[in-house]
Every structure is written in structure tokens, then in C-alpha cells.
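At position 225 of the sequence shown (counting the first as 1) the number is 224 in numbering that gives the first Met the number 0, and the numbers step up by one without a gap.
Using N, Cα and C, we set each Cβ at its ideal position, and we do this for glycine too.
To start, the structure itself, in C-alpha cells.
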Amino acid sequence: MRGRAFAVAAMATVLVSVGATDRAAAMDETVVVPPRPLPVPKTVSPELQRLIGSPMNPSWDQHPASAEAWRALVKTYAADIETALPALMAREKVTIRADRMNGVPVFWVEPETVPSENRDRILLNFHGGAYVFAPGKAGLRDAILLAGRGFRVLSVDYRMAPDAPYPAAIDDAEAVWKAVVAQYPAKRVGVFGSSTGGAMTLALVVRAKAHHLPLPGALWAGTPWAQLDKVGDSYFTNDHVDNALVSYDGLLGAAARLYANGHNMAGPELSPVNADFTGFPPTLLTTGTRDLFLSNTIRVHRKLKQAGVVSDLNVYEGLSHGDFERDPDLPESREVYGEAAAFFRQMLAR
0 MRGRAFAVAA
10 MATVLVSVGA
20 TDRAAAMDET
30 VVVPPRPLPV
40 PKTVSPELQR
50 LIGSPMNPSW
60 DQHPASAEAW
70 RALVKTYAAD
80 IETALPALMA
90 REKVTIRADR
100 MNGVPVFWVE
110 PETVPSENRD
120 RILLNFHGGA
130 YVFAPGKAGL
140 RDAILLAGRG
150 FRVLSVDYRM
160 APDAPYPAAI
170 DDAEAVWKAV
180 VAQYPAKRVG
190 VFGSSTGGAM
200 TLALVVRAKA
210 HHLPLPGALW
220 AGTPWAQLDK
230 VGDSYFTNDH
240 VDNALVSYDG
250 LLGAAARLYA
260 NGHNMAGPEL
270 SPVNADFTGF
280 PPTLLTTGTR
290 DLFLSNTIRV
300 HRKLKQAGVV
310 SDLNVYEGLS
320 HGDFERDPDL
330 PESREVYGEA
340 AAFFRQMLAR
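Shown next as C-alpha cells:
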């Protein structure tokens with residue numbers, strides 16, 4: 000009986016194996032998903048429910064045909080953002096001061112009161128904007144929101160396309176980093192940014208490692224654009240689910256090509272998810288279930304963990320790309336920035 004039972008079990012194993020092999024051989028390279036409605040989740044705050052139920056970003060499918068058209072679009076977006084900054088600054092009780100470091104324009108964003116534990120620490124910020132948008136003060140929302148949690152923030156107004164494609168942005172980041180570490184112990188400096196700023200945060204460490212510079216004490220990469228080209232599951236699964244970016248196949252992809260300027264988009268400074276993460280500082284990563292960059296964020300987290308780096312991944316229910324910066328009044332947004340501040344307080348040297 001035991002022999003017969005063993006034979007039956009062995010045959011079952013063979014049949015399952017053959018079936019799996021047949022299915023793999025027959026597998027399509029794409030899975031067709033039937034059209035279906037996506038209800039607004041009731042598991043998020045009422046404020047986020049309203050944002051999720053709002054129309055798609057109407058600008059997602061623009062394709063500026065010239066450098067002049069890009070500049071006009073940048074100017075329009077920047078004016079809209081800057082209009083709202085005074086109220087945000089007043090709410091967060093911060094001031095802004097322009098400066099230069101190694102020839103690169105920067106802004107100091109400082110709270111009214113800096114807690115004693117943070118007086119010898121600073122945070123270095125890179126703004127988002129697809130390597131094209133949010134020049135000048137228009138790039139300060141992220142910095143204002145974290146400065147309001149008790150940190151002095153230095154935000155870099157790095158050069159961008161169409162006038163200055165790759166590697167201008169990361170060159171500016173390195174120049175400022177050299178100036179910062181000449182004045183502050185690197186382990187007391189945190190680096191952060193969202194979207195493109197999150198990618199710049201990671202790429203700065205890639206560049207610093209390559210050039211044997213000191214590394215920051217900790218990083219926060221909010222929904223980082225860690226893969227510049229269209230590689231990764233959520234570029235497809237969250238296409239037209241994310242109501243902020245909406246799709247790669249529009250303004251986002253056009254901006255990627257504009258910034259890359261013929262360079263290999265998979266290179267580690269353009270797509271830092273492809274870098275060697277050995278020796279990276281402790282890193283906080285933030286994304287949402289509807290984020291077009293969900294896979295970018297998750298893949299960075301896995302690479303960090305595989306390299307033995309301390310990495311904390313926070314995935315928020317229902318958030319599209321950068322919603323925490325787009326609408327700072329969301330309860331979820333307050334939680335995001337509170338967690339980032341707590342992470343830096345824990346990880347940075349005093």
C-alpha cells in the first residue's frame with residue numbers, strides 16, 4: 000500500500016509539474032483586463048475620498064512641441080503654485096531666504112523655532128517636477144512642509160530641461176552636497192525629495208559613492224521616479240488609476256525623453272533603481288496604492304533590503320502620485336510628513 004501511495008503521489012507531482020510547464024509555455028506576455036469601475040475607497044479619510052473622486056489631471060496628455068512651448072508650460076504651472084505659497088508658509092510658520100552654494104541657487108526654509116535636538120542638523124531637499132517643472136520658489140512645497148516639523152531645510156534650485164538636460168541636475172546636486180559637507184558633518188544631514196526629488200535623493204548617493212564623498216545620515220524618497228523609462232508593473236496596472244500623473248504615455252514620458260537627451264534611461268543616475276545600493280544610508284520610502292510610481296518605490300525598497308540597508312516602506316491606501324504634497328490638508332499628508340520628520344529625528348546624528 001505504501002508503494003502504491005508513493006506512486007500515486009509521484010504521478011500527481013508529475014502532472015502538476017507538466018500542467019505548470021504547459022501554462023508557462025502558453026502564457027501571454029500581456030493579460031487582458033476587462034473594463035470595470037473603480038469605486039472610491041471608504042477606507043481613507045473623507046478628504047482623500049474627495050480627491051480620489053476628482054477628475055483626472057487635464058494636463059497629463061500634453062506634448063509640448065518645442066523648447067518655447069515647454070517654457071510656457073513651466074511658467075504657467077509655477078505661477079499657480081507660487082500663488083498658494085504665502086498661505087502655506089504662514090500655516091507652517093516658516094521663512095524663506097535665497098542663497099547660493101558652489102554657484103548653485105538654493106533656498107533656506109526655516110521654522111520659527113528649531114528644537115534643540117535639530118539645531119546641529121539640516122535637511123537637503125530636491126523638489127519634484129519631472130526634471131522640467133517647479134523652478135525657483137515653485138519647488139518649495141515639500142521643503143516648507145518638512146521645515147514646519149522643526150528642521151532647517153536647504154532646497155536646491157537645480158538646472159532643468161529643456162535648457163539644461165542630464166547631467167545638469169545631478170551635477171548641481173553634487174556641487175551643493177560638496178558645499179554642505181564642508182560645513183556640516185554628513186551624518187547630521189538628511190536628504191529628501193518627492194517624485195523627481197526622490198530620484199535625485201537616490202541619485203545623489205549614487206554619485207557621492209562613485210566620487211568617494213561622504214554619505215548623508217538618512218534619506219526620505221517620497222514616491223521616487225526611480226525608473227525613468229516605462230519599466231515596472233504599476234506603470235501599467237495604475238495607468239489611468241492614478242489621477243495625478245494618469246499615464247506615462249503623455250507629458251511624463253515626454254519629460255523623461257527631454258531630460259535624458261539621448262542618454263541611456265536605464266543608467267543608475269537616471270534610473271537609480273538600477274544602482275548598487277550597498278552602503279546606502281537608512282532610507283524611508285513613501286507611496287500609495289494608486290500611485291503610478293508604486294513599483295518604482297517598492298523595487299527600490301527591495302534593492303535596499305537585499306543590500307542589507309535599513310529601509311522603511313510606507314504604502315498608503317488610495318494615494319495617487321504625490322497626493323501628500325499636492326494636498327497638504329489631507330490627514331494622510333500630515334501623517335506622511337510627521338513620519339518623515341520622526342525618521343530623520345531617529346536616524347540623524349546629533
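{"Check": "The segment 289 to 303 contacting the segment 262 to 269, beta-carbon criterion three pairs below 8 Å", "Outcome": "no"}
{"Check": "Close-in-space but distant-in-sequence residues of the same chain around valine 93 (CB under 8 Å, 5 per side omitted)", "Outcome": "Val108, Glu109, Pro110, Glu111, Ile143, Ala146 and Gly147"}
{"Check": "Given proline 353 as reference, the closest of Arg35, Val175 and Leu50 once Cα atoms are compared", "Outcome": "Missing from the structure shown is residue 353; the chain here goes from 0 to 349 and no further."}
{"Check": "Alanine 274 in three-state terms, based on DSSP", "Outcome": "coil"}
{"Check": "Whole runs of the alpha helix (DSSP H) within the segment 46 to 118, excluding any shorter than 4 residues", "Outcome": "66 to 91"}
{"Check": "Rounded separation between leucine 227 and glycine 317 - CA only", "Outcome": "23 Å"}
{"Check": "Opposing strand residues paired with isoleucine 121 [DSSP bridges]", "Outcome": "Val188"}
{"Check": "Leucine 153, DSSP secondary structure in three states", "Outcome": "strand"}
{"Check": "Whole-angstrom distance between proline 104 and threonine 75, CA atom to CA atom", "Outcome": "21 Å"}
{"Check": "Pairwise C-alpha distance: serine 193 and valine 179", "Outcome": "20 Å"}
{"Check": "Anticipated Cβ contact below 8 Å, threonine 285 with leucine 303, distance rounded", "Outcome": "Not really, about 14 Å apart at Cβ, beyond 8 Å."}
{"Check": "Same chain, Cβ closer than 7 Å to threonine 399, five either side skipped, listed in chain order", "Outcome": "Within the shown structure, residues of the chain are numbered from 0 to 349, placing residue 399 beyond reach of any answer."}
{"Check": "Top-ranked residue by Cα proximity to serine 294, from Tyr247, Ala78 and Asp232", "Outcome": "Asp232"}
{"Check": "Terminal residues of the alpha helix (DSSP H) in which alanine 167 lies", "Outcome": "167 to 182"}
{"Check": "Within 8 Å, strictly: CB atoms of histidine 62 and tyrosine 165", "Outcome": "no"}
{"Check": "For threonine 296, the three-state DSSP class (helix, strand or coil)", "Outcome": "helix"}
{"Check": "For arginine 140 and threonine 12, the rounded distance between their alpha carbons", "Outcome": "Only weak support is given to the placement of threonine 12: the predicted model assigns it a pLDDT of 45, under 50, and the question is left unresolved by the model."}
{"Check": "Close beta carbons around valine 309, own chain, < 6 Å, minus the five adjacent residues each side", "Outcome": "Pro281"}
{"Check": "Reduced DSSP category for valine 314 - H, G, I as helix; E, B as strand; rest coil", "Outcome": "strand"}
{"Check": "8 Å Cβ cutoff met for proline 161 and leucine 257", "Outcome": "yes"}
{"Check": "Where the alpha helix (DSSP H) through alanine 217 begins and ends", "Outcome": "Unbroken run through alanine 217 is the beta strand (DSSP E), 217 to 221; no alpha helix (DSSP H)."}
{"Check": "8 Å Cβ shell around asparagine 101 - same chain, five flanking residues per side excluded", "Outcome": "Ala174, Val175, Lys177 and Ala178"}
{"Check": "Residues near methionine 55 by beta carbon distance below 8 Å, same chain, minus five either side", "Outcome": "His239, Asn242 and Val245"}
{"Check": "Serine 332 CB to nearest heavy atom of the ligand ADP below 7 Å", "Outcome": "Inclusion of the ligand ADP in the displayed structure is not the case, the ligand content being empty and no account of it being possible."}
{"Check": "Proximity winner among Ile95, Thr236 and Gly337, relative to alanine 135 (alpha-carbon distances)", "Outcome": "In the sequence as displayed, the identity of residue 135 is glycine instead of alanine. For glycine 135, the nearest C-alpha among the options comes from Ile95."}
{"Check": "Nearest neighbour of leucine 37, chosen from Met346, Ser53, Asp27 and Ser44 [CA to CA]", "Outcome": "Ser53"}
{"Check": "Where threonine 286 falls: helix, strand or coil (DSSP)", "Outcome": "strand"}
{"Check": "Range of the contiguous alpha helix (DSSP H) that encloses glutamate 268", "Outcome": "Looking at the DSSP string, glutamate 268 is not in any alpha helix (DSSP H), and its letter there is neither H nor E."}
{"Check": "Serine 233 (DSSP reduced to helix, strand or coil)", "Outcome": "helix"}
{"Check": "Own chain, CB closer than 8 Å to alanine 340, minus 5 neighbours either side, in chain order", "Outcome": "Leu145, Arg148, Gly149 and Phe150"}
{"Check": "Secondary structure of serine 319, DSSP reduced to three states", "Outcome": "coil"}
{"Check": "Backbone CA spacing between phenylalanine 276 and alanine 306 [nearest angstrom]", "Outcome": "6 Å"}
{"Check": "Option in Trp219, Ala217 and Ile80 with minimal Cα separation from aspartate 326", "Outcome": "Ile80"}
{"Check": "Three-state secondary structure assigned by DSSP to serine 193", "Outcome": "strand"}
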